[in-house]
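Numbering (our numbering), first residue to last: 496 to 854.
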C-alpha cells in the first residue's frame, strides 16, 4: 500500500473530552499540552444526548490561550440552522487566525428530537443525507464573500465591493437558507471539515465533503479497507483522493505498560470494545504502532482519545511524540499557522470568484 500512496506526512490529533468538566481551565491546559507536542489539531465532542458545555464555545475560550494548534468542535447538523452553524464556525476561524475545523455529526435519537419538538427522529441514512446538504450549503455561504470584498475605504465611504458579494439560495430536504453570509470568507477559505466515517452512512459525506475522515479500526486491514473505499469514493465524486486525510481513531490507555504482554494490548495492537478500539500499553509501544501502520500506508495518521485525559495526553506528548520525533517521523515545529497548512491541504478556490477581474 505504501507503494501506491506514499507515506506522506504523519498527522496526529487528540481529543480533549472530559465528561462532567465545566470549567475552561482543564480544556486550556490540555490544548496547550497538545500544542507543545506539535499535534495537528484537537477535537471536542458534543451531543444533545448528554449534559455538558457547548464544544464550539469552549474552543472559542481555548483560542486565545493557544497559537498554532487546530481547534475542531463537534457541531451536529440535526435540529440546527445551517446558516448559524456556518457563521459560528467561520467566526472561530477568524478569531483563531485560521485554525478552525468542524466535526460534522448527526443527532439520531428520539430523546434528542424531543428537546426541539419540531420533528421526530429520522433514520441514519436520512440524517447523513441532510448532513451532506449542510456541508454543501456551508461551503456556498463561506464563498458568498470573495477575498477582498471588504474595502473599508474611509476616503470614498465604500465598505464593500458589491461585485464580490454573492447571493446564495440553498434548499435542502429539511432547510432553506439565503446568503450572503453575515461573516466574511474565513481565513482558510473553508474551515477544515472532519467526519467520523466508521459508519457506512457517513462515508458518502466524508468522501464528498470532508477534509479529514476518522475511522475507528482495531486492525490494519480494516483501516486500510475503509481508507481505500473513501479514496475511491472521493475520486468518483470528482475530488483528488489526496485532498482527503484518513486518520485512525483509537482510545488510548497509557498506564504503566503493565498490559503490554496481554493479547490485544501493547505490542499486540488495539482490541475492540463497546466504546471503540482500545490501545492499552506504554507510550513507546504506541509509537511503534503509529510508525508501523503509517509506514505501511494503512493510514495518514491517528486521532487519539485518552481514557485518562491528563495522564494519557501527557504521556502521549512526552513519550510517544518524543519517540516519533527522535526517529524523524513527526514534526518538531509547526511550518505554518493554519490548520490546512498543518494537514498539507490547499486553501480552496472560491466557487463564485470571477477570474481575471480588474481590482
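C-beta atoms are modelled at their ideal positions from N, C-alpha and C, and glycine is treated no differently.
None of the values given here were measured: they were computed from a predicted structure.
Residue i - DSSP class collapsed to helix/strand/coil
i           : result
residue 692 : coil
residue 501 : Residue confidence for residue 501 is low, a pLDDT of 43 falling below 50, so the modelled location carries little weight and cannot support an answer.
residue 774 : strand
residue 578 : helix
residue 645 : strand
residue 825 : coil
residue 602 : coil
residue 766 : strand
residue 789 : helix
residue 557 : helix
residue 742 : strand
residue 728 : helix
residue 673 : strand
residue 547 : coil
residue 568 : strand
residue 805 : helix
residue 511 : coil
residue 848 : coil
Outcome for residue i when other beta-carbon atoms lying within 10 angstroms are tallied against a minimum of 16
i           : result
residue 764 : buried
residue 671 : exposed
residue 639 : buried
residue 581 : buried
residue 526 : buried
residue 528 : buried
residue 668 : exposed
residue 520 : exposed
residue 497 : Unreliable positioning characterises residue 497 in this predicted model, as indicated by a pLDDT of 33, which lies under 50. A coordinate reading is not provided.
residue 507 : buried
residue 624 : buried
residue 769 : exposed
residue 821 : exposed
residue 801 : buried
residue 611 : exposed
residue 735 : exposed
residue 827 : exposed
residue 860 : Shown here, the chain extends from 496 to 854; a query on residue 860 therefore has no answer.
residue 841 : exposed
residue 728 : buried
CB contact flag (residue i, residue j, <8 Å)
i           : j           : result
residue 675 : residue 712 : no
residue 690 : residue 716 : no
residue 550 : residue 568 : yes
residue 794 : residue 720 : no
residue 796 : residue 805 : no
residue 587 : residue 566 : yes
residue 590 : residue 555 : yes
residue 832 : residue 593 : yes
residue 595 : residue 679 : no
residue 838 : residue 722 : no
residue 436 : residue 798 : What is shown of the chain runs 496 to 854, which leaves residue 436 out entirely.
Residue nearest to residue i in terms of C-alpha spacing, selected from the options
i           : options            : result
residue 701 : 682, 715, 554, 725 : 725
residue 836 : 587, 682, 512, 634 : 682
residue 834 : 699, 650, 784, 536 : 536
residue 778 : 749, 791, 769, 785 : 749
residue 601 : 546, 694, 703      : 694
residue 746 : 774, 533, 686, 740 : 774
residue 659 : 665, 645, 666      : 645
residue 824 : 547, 784, 592, 663 : 784
residue 738 : 798, 643, 632, 843 : 843
residue 846 : 597, 632, 722, 511 : 632
residue 730 : 665, 714, 704, 710 : 704
residue 547 : 530, 558, 513, 538 : 513
residue 577 : 530, 630, 540      : 630
residue 816 : 766, 781, 541      : 781
residue 642 : 662, 684, 665      : 684
residue 698 : 599, 673, 647, 518 : 599
_I want to know whether the stretch 598–616 touches the stretch 571–578 - three or more CB-CB distances under 8 Å._
yes
*asked:* Would the stretch 832–851 count as touching the stretch 798–815 if we require 3 or more Cβ pairs under 8 Å?
replied: no
*Is the number of C-beta pairs between the stretch 553–562 and the stretch 618–627 that are closer than 8 Å three or more?*
no
*asked:* Under 8 Å, with one C-beta from each stretch per pair, do the stretch 654–665 and the stretch 595–613 reach the 3-pair mark?
replied: no
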